[in-house]
Amino acid sequence: MHTPRDPAQRIRDTLTRLTTERDLWLATSHPTHGPHQVPLWFAWDGTALWMCTSATSATARNLHEEPRVRLSLPDTTDVVLLQGAAELHPAADAPPEAAAFTAKFGWDPGTEETPYVYLRVQPNTVRAWRGVPELRGRVVMRDGVWVE
Numbered sequence: 016m017h018t019p020r021d022p023a024q025r026i027r028d029t030l031t032r033l034t035t036e037r038d039l040w041l042a043t044s045h046p047t048h049g050p051h052q053v054p055l056w057f058a059w060d061g062t063a064l065w066m067c068t069s070a071t072s073a074t075a076r077n078l079h080e081e082p083r084v085r086l087s088l089p090d091t092t093d094v095v096l097l098q099g100a101a102e103l104h105p106a107a108d109a110p111p112e113a114a115a116f117t118a119k120f121g122w123d124p125g126t127e128e129t130p131y132v133y134l135r136v137q138p139n140t141v142r143a144w145r146g147v148p149e150l151r152g153r154v155v156m157r158d159g160v161w162v163e
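The numbering of the sequence shown is the working numbering, which starts it at 16 and goes up by one.
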């Protein structure tokens, strides 16, 4: 059983995880095909998450129709859930901020033979909790602003 963290500690812990972790789950949806969830690598640039996928993937197709996404880090005892809208950027013509992804993984999707797109998500809502004692106060970002 964990002692509940105060909001400031939850935010610090969440930022640490966004900086140090490698994988997340991204959920998208299509108006006729429904939900779609995939594991992806990600990099945090201090403001937004950067991911990459094939330009022809179901994820990219879904995001053209519906940019709203949900993301989660893969730990069920130290939950971090994020919501936002994804922006698509062709990897061959990526903005400088996408370099956070390339630097973290040592892979430049813009050099691949097949086209890739970067997904940029600036969270609008972030929830973080460790078990039932932390369900109250789990919203640590609301409307793009950290809640303390």
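The C-beta atom is built at its ideal place from N, Cα and C for all residues, glycine as well.
- Between L55 and L33, the C-beta spacing is not below 8 angstroms.
- Counting only runs of at least 4 residues, the region 17-51 fully encloses the following alpha helix (DSSP H) elements, listed from N- to C-terminal order: 22-35.
- The three-state reading of DSSP puts V147 in helix, counting H, G and I together.
- Beta-bridge pairing by DSSP links G99 to V84, P138.
- About 6 angstroms separates the Cβ atoms of V154 and V162, confirming a contact at the 8 angstroms cut-off.
- Under DSSP, V155 takes part in no beta bridge, so it has no partner.
- In summary, R142 is buried, with 16 or more beta-carbon neighbours lying within 10 Å of its beta-carbon over all protein chains present.
- In this structure, the beta-carbon distance from P130 to P105 falls below 8 angstroms.
- Contact check for R135 against W65 passes: the beta carbons are separated by less than 8 angstroms.
- The DSSP-derived three-state label of P124 is helix.
- Between L96 and R85 a beta carbon distance of about 7 angstroms is seen, short of the 8 angstroms cut, so the two are scored as contacting.
- Taking C-beta atoms as the reference points, E102 and S44 fail to come closer than 8 angstroms.
- One alpha carbon belongs to H51, the other to T140, and they sit about 20 angstroms apart.
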